[in-house]
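Read through the structure below, which is laid out as C-alpha coordinates, and then see the notes.
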Amino acid sequence: MQGEALLPLEACIRSAAPRGSTALNVITGPYGETFGGWLRSCGAEVVTVTAPFSGAVTPEQIARALRENPEIGLVSLVHAEAATGNTNPVAEIGAVVREHGALLMLDAVASVGAEPLLTDAWGVDLCVIGGQKALAGPAGVSAVSVSARAWERIAANEQAPRRSYLSLLDWKERWLDGGRTALPHAPAQLEMLALEQAVDRVAAEGLDASIARHRAASAAVRAGARELPGLDPYVVRDQDAAPAATTLRAPAEGVDAREVVAAALKADARVPLQAAAGPLAAEVLRVNHYGQAAERTLVLDSVRALATGLHTLGVAGAGSARGRALDAADAAWSGTAAA
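For the sequence shown, our numbering assigns the number 87 to the initial residue and increments by one for each residue that follows.
The structure is reproduced here in C-alpha coordinates:
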(Lines of atoms letter the chains of each structure in order from A; the text may use other names.)
(Lines give C-alpha, C1' and ligand atoms only; values in the text may rest on other atoms or scores of the structure.)
Protein backbone atom coordinates (compact mmCIF):
# COMPACT_ATOMS: atom_id res chain seq x y z
CA MET A 87 0.00 0.00 0.00
CA GLN A 88 1.21 3.48 -0.81
CA GLY A 89 1.69 4.94 2.63
CA GLU A 90 3.50 4.49 5.93
CA ALA A 91 2.63 1.26 7.75
CA LEU A 92 0.04 2.95 9.95
CA LEU A 93 -2.13 3.05 6.80
CA PRO A 94 -2.51 -0.74 6.36
CA LEU A 95 -2.60 -1.27 10.13
CA GLU A 96 -5.63 0.99 10.47
CA ALA A 97 -7.09 -0.46 7.27
CA CYS A 98 -6.88 -3.98 8.73
CA ILE A 99 -8.67 -3.00 11.91
CA ARG A 100 -11.40 -1.01 10.18
CA SER A 101 -11.92 -3.86 7.71
CA ALA A 102 -11.94 -6.77 10.16
CA ALA A 103 -13.61 -5.30 13.28
CA PRO A 104 -17.30 -4.55 12.59
CA ARG A 105 -19.48 -2.65 15.02
CA GLY A 106 -20.68 -4.92 17.81
CA SER A 107 -17.85 -7.44 17.39
CA THR A 108 -15.37 -8.26 20.15
CA ALA A 109 -11.62 -7.99 19.72
CA LEU A 110 -8.68 -8.91 21.93
CA ASN A 111 -6.00 -6.23 21.84
CA VAL A 112 -2.55 -7.08 23.20
CA ILE A 113 -0.52 -4.18 24.58
CA THR A 114 3.24 -4.52 24.95
CA GLY A 115 4.05 -0.97 23.85
CA PRO A 116 2.63 2.19 22.28
CA TYR A 117 1.43 0.64 19.03
CA GLY A 118 -0.72 -1.84 20.90
CA GLU A 119 -2.27 1.11 22.70
CA THR A 120 -3.01 2.76 19.34
CA PHE A 121 -4.79 -0.33 18.04
CA GLY A 122 -7.15 -0.28 21.01
CA GLY A 123 -8.27 3.23 20.13
CA TRP A 124 -8.96 2.28 16.52
CA LEU A 125 -10.95 -0.78 17.57
CA ARG A 126 -13.15 1.25 19.89
CA SER A 127 -13.76 3.86 17.21
CA CYS A 128 -15.05 1.06 14.97
CA GLY A 129 -17.64 0.21 17.61
CA ALA A 130 -15.98 -3.02 18.68
CA GLU A 131 -15.90 -4.22 22.26
CA VAL A 132 -12.26 -4.45 23.30
CA VAL A 133 -10.78 -6.98 25.68
CA THR A 134 -7.26 -5.92 26.66
CA VAL A 135 -4.29 -8.02 27.69
CA THR A 136 -1.37 -5.89 28.86
CA ALA A 137 2.13 -7.21 29.47
CA PRO A 138 4.93 -5.26 31.15
CA PHE A 139 6.77 -3.27 28.49
CA SER A 140 9.97 -4.82 29.83
CA GLY A 141 8.87 -8.29 28.70
CA ALA A 142 6.55 -10.18 26.37
CA VAL A 143 2.99 -11.43 26.49
CA THR A 144 2.62 -15.19 27.00
CA PRO A 145 0.46 -17.66 25.06
CA GLU A 146 -1.16 -18.58 28.37
CA GLN A 147 -2.38 -15.00 28.83
CA ILE A 148 -3.94 -15.07 25.37
CA ALA A 149 -5.53 -18.48 25.93
CA ARG A 150 -7.03 -17.32 29.23
CA ALA A 151 -8.54 -14.22 27.65
CA LEU A 152 -10.02 -16.27 24.82
CA ARG A 153 -11.54 -18.80 27.24
CA GLU A 154 -13.08 -16.04 29.32
CA ASN A 155 -14.38 -14.21 26.23
CA PRO A 156 -15.41 -16.83 23.66
CA GLU A 157 -17.05 -14.16 21.47
CA ILE A 158 -13.65 -12.70 20.48
CA GLY A 159 -13.31 -12.72 16.69
CA LEU A 160 -10.09 -10.74 16.19
CA VAL A 161 -6.76 -10.60 18.03
CA SER A 162 -4.43 -7.65 17.36
CA LEU A 163 -0.77 -8.05 18.28
CA VAL A 164 2.56 -6.33 17.66
CA HIS A 165 5.37 -8.74 16.84
CA ALA A 166 8.26 -6.48 17.89
CA GLU A 167 7.82 -3.09 19.56
CA ALA A 168 10.89 -1.06 18.63
CA ALA A 169 9.79 1.66 21.06
CA THR A 170 10.01 -0.67 24.05
CA GLY A 171 12.49 -3.16 22.61
CA ASN A 172 10.46 -6.32 23.16
CA THR A 173 9.29 -9.12 20.87
CA ASN A 174 6.37 -11.50 21.31
CA PRO A 175 6.15 -15.29 20.69
CA VAL A 176 3.91 -15.14 17.62
CA ALA A 177 4.21 -18.81 16.63
CA GLU A 178 2.82 -20.01 19.96
CA ILE A 179 0.19 -17.26 20.13
CA GLY A 180 -0.91 -17.99 16.57
CA ALA A 181 -1.63 -21.61 17.44
CA VAL A 182 -3.80 -20.54 20.38
CA VAL A 183 -5.72 -18.00 18.30
CA ARG A 184 -6.28 -20.42 15.42
CA GLU A 185 -7.66 -23.07 17.78
CA HIS A 186 -10.15 -20.49 19.08
CA GLY A 187 -11.19 -19.57 15.53
CA ALA A 188 -10.39 -15.85 15.72
CA LEU A 189 -8.44 -13.86 13.16
CA LEU A 190 -4.90 -12.83 14.09
CA MET A 191 -3.68 -9.40 12.97
CA LEU A 192 0.06 -8.82 13.33
CA ASP A 193 2.14 -5.65 13.15
CA ALA A 194 5.47 -6.97 11.83
CA VAL A 195 6.95 -3.62 10.80
CA ALA A 196 9.89 -3.85 13.23
CA SER A 197 10.42 -7.60 12.87
CA VAL A 198 10.47 -8.35 9.13
CA GLY A 199 14.07 -8.91 8.09
CA ALA A 200 15.30 -8.91 11.69
CA GLU A 201 13.72 -12.10 13.01
CA PRO A 202 11.75 -15.05 11.60
CA LEU A 203 8.29 -14.19 10.27
CA LEU A 204 6.27 -17.16 8.97
CA THR A 205 2.76 -15.85 8.38
CA ASP A 206 1.17 -19.01 6.97
CA ALA A 207 2.88 -21.47 9.33
CA TRP A 208 2.00 -19.33 12.35
CA GLY A 209 -1.62 -18.75 11.32
CA VAL A 210 -1.35 -14.98 10.84
CA ASP A 211 -4.41 -13.74 8.94
CA LEU A 212 -3.49 -10.07 8.52
CA CYS A 213 0.22 -9.21 8.54
CA VAL A 214 1.54 -5.69 7.99
CA ILE A 215 5.16 -4.91 7.14
CA GLY A 216 7.04 -1.71 6.34
CA GLY A 217 10.32 -1.08 4.60
CA GLN A 218 11.94 1.45 6.89
CA LYS A 219 13.47 -0.68 9.64
CA ALA A 220 15.37 -3.95 9.10
CA LEU A 221 14.85 -3.80 5.33
CA ALA A 222 16.55 -0.37 5.26
CA GLY A 223 14.02 0.91 2.75
CA PRO A 224 11.54 3.77 2.48
CA ALA A 225 8.86 4.53 5.05
CA GLY A 226 6.34 5.68 2.45
CA VAL A 227 5.31 2.26 1.15
CA SER A 228 4.11 -0.80 3.06
CA ALA A 229 2.45 -4.17 2.53
CA VAL A 230 -0.23 -6.37 4.04
CA SER A 231 -0.94 -10.06 3.55
CA VAL A 232 -4.54 -11.25 3.94
CA SER A 233 -5.61 -14.87 4.44
CA ALA A 234 -8.58 -16.39 2.62
CA ARG A 235 -10.69 -16.51 5.76
CA ALA A 236 -9.81 -12.90 6.56
CA TRP A 237 -11.04 -11.86 3.11
CA GLU A 238 -14.31 -13.69 3.81
CA ARG A 239 -14.88 -11.84 7.07
CA ILE A 240 -13.91 -8.50 5.59
CA ALA A 241 -16.34 -9.00 2.69
CA ALA A 242 -19.10 -9.76 5.20
CA ASN A 243 -18.43 -6.54 7.13
CA GLU A 244 -20.84 -3.88 5.86
CA GLN A 245 -18.71 -1.23 7.61
CA ALA A 246 -15.49 -2.18 5.82
CA PRO A 247 -14.12 0.92 4.05
CA ARG A 248 -14.89 1.21 0.32
CA ARG A 249 -13.71 3.84 -2.16
CA SER A 250 -11.29 4.88 0.53
CA TYR A 251 -7.53 5.02 1.05
CA LEU A 252 -8.18 2.60 3.93
CA SER A 253 -10.04 0.06 1.79
CA LEU A 254 -8.50 -3.39 1.56
CA LEU A 255 -11.47 -4.47 -0.56
CA ASP A 256 -10.63 -1.79 -3.12
CA TRP A 257 -7.09 -3.17 -3.34
CA LYS A 258 -8.42 -6.70 -3.77
CA GLU A 259 -10.88 -5.68 -6.46
CA ARG A 260 -8.67 -3.33 -8.44
CA TRP A 261 -5.21 -4.82 -7.88
CA LEU A 262 -5.42 -8.51 -7.02
CA ASP A 263 -8.57 -9.46 -8.93
CA GLY A 264 -7.63 -7.03 -11.70
CA GLY A 265 -4.46 -8.93 -12.55
CA ARG A 266 -2.04 -6.55 -10.81
CA THR A 267 -1.98 -4.19 -13.78
CA ALA A 268 -3.07 -0.89 -12.20
CA LEU A 269 -2.71 0.53 -8.71
CA PRO A 270 -5.86 1.87 -7.05
CA HIS A 271 -4.23 5.28 -6.55
CA ALA A 272 -1.51 7.40 -8.14
CA PRO A 273 1.74 5.40 -8.02
CA ALA A 274 4.38 6.49 -5.51
CA GLN A 275 7.21 5.93 -7.97
CA LEU A 276 10.18 7.07 -5.89
CA GLU A 277 9.14 4.94 -2.91
CA MET A 278 8.62 1.91 -5.16
CA LEU A 279 12.08 2.31 -6.68
CA ALA A 280 13.64 2.70 -3.23
CA LEU A 281 11.81 -0.40 -2.00
CA GLU A 282 13.07 -2.37 -4.99
CA GLN A 283 16.64 -1.43 -4.08
CA ALA A 284 16.09 -2.41 -0.44
CA VAL A 285 14.61 -5.78 -1.35
CA ASP A 286 17.48 -6.42 -3.78
CA ARG A 287 19.96 -5.76 -0.95
CA VAL A 288 18.19 -8.21 1.36
CA ALA A 289 18.05 -10.82 -1.40
CA ALA A 290 21.76 -10.40 -2.11
CA GLU A 291 22.66 -10.78 1.56
CA GLY A 292 20.16 -13.57 2.21
CA LEU A 293 17.27 -13.37 4.66
CA ASP A 294 18.90 -15.78 7.13
CA ALA A 295 22.07 -13.68 7.12
CA SER A 296 20.05 -10.51 7.73
CA ILE A 297 18.29 -12.13 10.68
CA ALA A 298 21.60 -13.37 12.10
CA ARG A 299 23.13 -9.89 11.76
CA HIS A 300 20.29 -8.26 13.68
CA ARG A 301 20.42 -10.95 16.36
CA ALA A 302 24.17 -10.35 16.77
CA ALA A 303 23.63 -6.60 17.06
CA SER A 304 21.07 -7.07 19.82
CA ALA A 305 23.30 -9.46 21.75
CA ALA A 306 26.28 -7.12 21.43
CA VAL A 307 24.46 -4.03 22.69
CA ARG A 308 22.93 -5.89 25.62
CA ALA A 309 26.28 -7.42 26.60
CA GLY A 310 28.09 -4.11 26.33
CA ALA A 311 25.45 -2.24 28.32
CA ARG A 312 25.66 -4.73 31.17
CA GLU A 313 29.30 -3.73 31.66
CA LEU A 314 28.52 -0.02 31.92
CA PRO A 315 27.69 1.34 35.38
CA GLY A 316 24.04 2.23 35.77
CA LEU A 317 22.88 0.96 32.37
CA ASP A 318 20.76 -2.17 32.23
CA PRO A 319 18.72 -3.71 29.43
CA TYR A 320 15.13 -2.52 29.87
CA VAL A 321 13.79 -5.83 28.50
CA VAL A 322 14.86 -8.27 31.18
CA ARG A 323 15.09 -11.61 29.36
CA ASP A 324 17.23 -12.04 26.26
CA GLN A 325 14.56 -14.14 24.53
CA ASP A 326 12.08 -11.27 24.86
CA ALA A 327 14.46 -8.69 23.33
CA ALA A 328 13.69 -7.42 19.83
CA PRO A 329 16.60 -7.87 17.39
CA ALA A 330 15.89 -4.52 15.72
CA ALA A 331 16.34 -2.18 18.69
CA THR A 332 17.62 -2.38 22.26
CA THR A 333 16.14 -0.31 25.06
CA LEU A 334 18.30 0.50 28.08
CA ARG A 335 17.32 1.78 31.50
CA ALA A 336 19.28 4.89 32.45
CA PRO A 337 21.25 5.13 35.71
CA ALA A 338 19.07 5.45 38.78
CA GLU A 339 21.32 8.10 40.33
CA GLY A 340 19.42 11.06 38.96
CA VAL A 341 20.71 10.88 35.38
CA ASP A 342 18.02 11.50 32.77
CA ALA A 343 18.04 9.16 29.75
CA ARG A 344 17.75 12.18 27.47
CA GLU A 345 20.94 13.58 28.98
CA VAL A 346 22.74 10.29 28.34
CA VAL A 347 21.64 10.33 24.69
CA ALA A 348 22.68 13.96 24.23
CA ALA A 349 26.11 13.34 25.77
CA ALA A 350 26.64 10.18 23.72
CA LEU A 351 25.66 11.93 20.48
CA LYS A 352 28.01 14.78 21.32
CA ALA A 353 30.78 12.19 21.54
CA ASP A 354 29.75 10.55 18.25
CA ALA A 355 26.91 12.01 16.22
CA ARG A 356 26.80 9.00 13.87
CA VAL A 357 25.45 6.48 16.35
CA PRO A 358 21.73 5.57 16.19
CA LEU A 359 20.64 6.56 19.70
CA GLN A 360 17.46 8.22 20.91
CA ALA A 361 15.52 8.64 24.12
CA ALA A 362 12.29 6.70 24.52
CA ALA A 363 9.01 8.50 23.95
CA GLY A 364 6.17 9.38 26.28
CA PRO A 365 6.31 8.44 29.96
CA LEU A 366 9.52 6.42 29.48
CA ALA A 367 11.51 9.34 28.02
CA ALA A 368 13.38 10.19 31.23
CA GLU A 369 14.33 6.65 32.19
CA VAL A 370 14.81 4.66 28.97
CA LEU A 371 17.02 5.17 25.93
CA ARG A 372 17.11 3.22 22.71
CA VAL A 373 19.81 1.90 20.37
CA ASN A 374 18.36 1.46 16.87
CA HIS A 375 20.44 -1.32 15.31
CA TYR A 376 18.20 -2.12 12.37
CA GLY A 377 18.86 -2.20 8.66
CA GLN A 378 22.31 -0.93 7.77
CA ALA A 379 22.84 0.11 11.41
CA ALA A 380 23.03 -3.57 12.39
CA GLU A 381 26.71 -3.49 11.57
CA ARG A 382 29.53 -4.53 13.88
CA THR A 383 31.59 -1.35 13.84
CA LEU A 384 28.58 0.93 14.32
CA VAL A 385 27.26 -1.22 17.15
CA LEU A 386 30.63 -1.05 18.92
CA ASP A 387 30.76 2.69 18.30
CA SER A 388 27.33 2.97 19.94
CA VAL A 389 28.59 1.20 23.06
CA ARG A 390 31.69 3.41 23.08
CA ALA A 391 29.58 6.57 22.77
CA LEU A 392 27.34 5.47 25.64
CA ALA A 393 30.38 4.87 27.85
CA THR A 394 31.78 8.29 26.94
CA GLY A 395 28.44 9.97 27.55
CA LEU A 396 28.07 8.39 30.98
CA HIS A 397 31.62 9.42 31.86
CA THR A 398 30.92 12.99 30.72
CA LEU A 399 27.87 13.09 32.99
CA GLY A 400 29.99 12.02 35.95
CA VAL A 401 28.70 8.47 36.35
CA ALA A 402 31.29 6.76 38.54
CA GLY A 403 33.33 4.07 36.83
CA ALA A 404 32.01 4.74 33.32
CA GLY A 405 35.39 5.70 31.91
CA SER A 406 37.21 2.64 33.20
CA ALA A 407 34.34 0.35 32.13
CA ARG A 408 34.55 1.37 28.47
CA GLY A 409 37.13 -1.26 27.53
CA ARG A 410 35.24 -4.06 29.28
CA ALA A 411 32.00 -3.01 27.62
CA LEU A 412 33.57 -3.02 24.16
CA ASP A 413 35.18 -6.42 24.75
CA ALA A 414 31.86 -7.86 25.95
CA ALA A 415 29.97 -6.43 22.98
CA ASP A 416 32.54 -7.70 20.49
CA ALA A 417 32.54 -11.18 22.04
CA ALA A 418 28.74 -11.31 22.03
CA TRP A 419 28.64 -10.31 18.36
CA SER A 420 31.17 -13.02 17.45
CA GLY A 421 29.44 -15.68 19.52
CA THR A 422 25.96 -14.91 18.21
CA ALA A 423 26.99 -14.52 14.57
CA ALA A 424 28.78 -17.88 14.69
CA ALA A 425 25.82 -19.70 16.27
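Where a beta carbon is used, it is the ideal one built from N, C-alpha and C, also for glycine.
Secondary structure within the segment 199-225: the beta strand (DSSP E) runs of 3 or more consecutive residues, fully enclosed, are 212-216 (chain order). If you check the CB distance, Ala-353 and Thr-383 do not come in under 7 Å. For Met-278, the enclosing alpha helix (DSSP H) covers residues 275-291.
DSSP places Val-132 inside the beta strand (DSSP E), whose first and last residues are 131-136. DSSP places Ser-231 inside the beta strand (DSSP E), whose first and last residues are 228-232. The beta carbon of His-271 is closer than 8 Å to those of Gln-88 and Tyr-251 in its chain, skipping five residues each way along the sequence.
Annotation note: the segment 279-364 contains the following uninterrupted beta strand (DSSP E) runs of length 3 or greater, listed N- to C-terminal: 332-335 and 359-361. Distance from Val-370 to Ala-336 at the Cβ level is roughly 7 Å; contact confirmed, criterion being Cβ atoms closer than 8 Å. Here Thr-333 really is in contact with Thr-170; their C-beta atoms are around 6 Å apart, less than 8 Å.
Around the beta carbon of Pro-138, fewer than 16 other beta carbons sit within 10 angstroms, so the residue counts as exposed. Taking C-beta atoms under 8 Å as the contact rule, Ala-327 and Val-321 qualify, at a distance of about 5 Å.
Contact annotation, Ala-222 with Gln-360: C-beta distance approximately 17 Å; criterion of less than 8 Å not satisfied. Of the candidates Ala-415, Leu-93 and Glu-238, the residue whose Cα lies closest to the Cα of Arg-308 is Ala-415.
For Leu-190, the enclosing beta strand (DSSP E) begins and ends at 189-193. Between Ala-91 and Val-210 a beta carbon distance of about 15 Å is seen, past the 8 Å cut, so the two are scored as non-contacting. Counting C-beta atoms within 10 angstroms of its own C-beta, Gln-218 has 16 or more neighbours from the protein chains shown and is therefore classed as buried. For Arg-323, the CB contacts under 7 Å within the same chain, skipping 5 residues up- and downstream, are Gly-141 in chain order.
Taking a 10 Å sphere around the C-beta of Thr-114, we find 16 or more other C-beta atoms and assign the residue as buried.
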